[in-house]
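Participant:
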Amino acid sequence: MDEKTKKQIELHSAGATVRHSSPFAELKHYSNETEITAEFIKKWCVPFYMFGINNSEKFNQNLKPIRAELNTEVVKKLLGDFNWRTRIVGAYFASILELKSVEEIIGIHLLKSQVCYAGNGYCLALATFNTKRGIQYLKRYLEYYLIRKDLHFDQTGVMCALKWTDELNGTNETENYLKLYNEWNSKPYGQSLKHSFKGFEKQMNNLKLIKTA
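In C-alpha cells, the structure reads:
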C-alpha cells in the first residue's frame with residue numbers, strides 16, 4: 470500500500486470523510502504536540518464514545534472509577550487528537566466539568582468541521598457554557614454552513630444548541646436563521662427541528678445527571 474492511500478484510509482477512519490474548503494480553513498486549531506498513547510485512548514475514550522451520553526447510567530458506571538483523575542489536561546489531550554472519537558469524548562467531559570477554558574478550542578473545531586460526528590459534542594458543550602463567545606461560534610457556523618446545501622454537517626445540532634441558549638437567556642436568536650435553515654433543510658436531509666430539539670434536550674438532561682452523580 471502506498472503512503473498516499475494509507476493516509477487517506479487514516480483520515481477516513483479518524484472521521485475526515487468529507488474534505489471541503491471554507492472561510493475557516495486558516496483558523497489555527499488546537500492540536501497535540503505528541504500522539505496520545507493507546508493506553509490513554511483505552512482509558513479515556515473507548516468506554517465513552519460509542520453510546521455517548523445517550524446512556525447516562527452506563528457513562529457514569531464507566532466514569533466513576535476514574536472521575537477523580539478527570540481534569541483539564543485530559544480534556545485538552547482528547548480535543549487535541551485528530552479523531553472524532555477522542556474529540557467528542559473531550560467535548561462531553563468539557564460539558565461535565567463546565568470547562569469554559571477550552572471553549573475556544575471547541576468553537577474553532579466546530580467552525581472548521583474537520584471530522585464527522587464530533588460536532589454533536591461541540592454543540593452540547595457550547596450550549597452548556599452559554600457564553601456570548603460560545604453563542605457567536607454557533608451563529609458564525611450557521612451563517613456559513615446553512616448556505617452550503619452540499620454539506621450535511623452539524624447545522625441541525627447547532628440550531629438546537631442556539632435554541633437551548635435562547636430558552637435560557639430569553640432571547641430569540643434562532644429565529645434569525647429559520648429561513649436559511651428551512652431552505653437548507655430539504656430532501657434528502659430534511660429533519661424536523663422540533664423533533665431534533667427533543668433529542669438535544671434529552672442529551673443535555675443526561676449531562677446534568679452525569680454531573681450530579
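Here the sequence shown is numbered in this note's numbering, starting from 470 and rising by one per residue.
All C-beta atoms, glycine included, are put in the ideal place defined by N, C-alpha and C.
Alpha carbon to alpha carbon, how far is residue 543 from residue 550? Give it in angstroms, no decimals.
Facilitator: To locate residue 550, count along the sequence shown from 1; it is residue 81. To locate residue 543, count along the sequence shown from 1; it is residue 74. Approximately 11 Å between the Cα atoms of the pair.
Participant: Evaluate the contact criterion for the segment 586-600 versus the segment 545-560: three or more CB pairs, one atom per stretch, below 8 Å.
Facilitator: Yes, since at least three Cβ pairs between the segment 586-600 and the segment 545-560 fall closer than 8 Å, the two stretches touch.
Participant: Express the C-alpha separation of residue 537 and residue 528 in angstroms, rounding to a whole number.
Facilitator: Counting from 1 along the sequence shown, the entry for residue 528 is found at position 59. Counting from 1 along the sequence shown, the entry for residue 537 is found at position 68. Each residue's Cα considered, the two are about 15 Å apart.
Participant: Among 567, 609, 601, 590, which one has its Cα closest to the Cα of residue 635?
Facilitator: Here residue 635 refers to the residue found at position 166 of the sequence shown. Minimum Cα distance to residue 635 is reached at 601.
Participant: With DSSP run on the structure shown, which of helix, strand or coil describes residue 504?
Facilitator: Against the sequence shown, residue 504 aligns to sequence position 35. Coil at residue 504, not helix or strand.
Participant: What's the gap between the Cα of residue 681 and the Cα of residue 526?
Facilitator: Here the question's residue 681 lines up with position 212 in the sequence shown. Here the question's residue 526 lines up with position 57 in the sequence shown. One C-alpha to the other measures close to 12 Å.
Participant: For residue 497 and residue 598, I'd like the C-alpha separation in whole angstroms.
Facilitator: Within the sequence shown, numbered from 1, the residue matching residue 497 stands at position 28. Within the sequence shown, numbered from 1, the residue matching residue 598 stands at position 129. So the two alpha carbons sit approximately 22 Å from each other.
Participant: Is the beta carbon of residue 582 closer than 7 Å to that of residue 629?
Facilitator: Walking along the sequence shown from the start, residue 629 turns up at place 160. Walking along the sequence shown from the start, residue 582 turns up at place 113. Contact: no.
Participant: Got a sec, what are the start and stop residues for the alpha helix (DSSP H) residue 514 sits in?
Facilitator: Here residue 514 refers to the residue found at position 45 when the sequence shown is read from its first residue. Segment: none, residue 514 is in no alpha helix (DSSP H) and carries neither H nor E.
Participant: From this set, 616, 511, 674, which residue's C-alpha is nearest residue 648's C-alpha?
Facilitator: Here residue 648 is taken as the residue at index 179 of the sequence shown, counted from 1. Residue 648 has its Cα closest to that of 616, out of 616, 511, 674.
Participant: Return helix, strand or coil for residue 550, following the three-state DSSP convention.
Facilitator: In the sequence shown, residue 550 corresponds to position 81, counting from 1. DSSP places residue 550 in coil when its eight states are reduced to three.
Participant: Mark residue 578 as exposed unless 16 or more other C-beta atoms lie within 10 angstroms of its C-beta, in which case mark it buried.
Facilitator: On the sequence shown, residue 578 is found 109 positions in, with the first residue counted as 1. Counting Cβ neighbours within 10 Å, residue 578 comes out buried, since at least 16 surround it.
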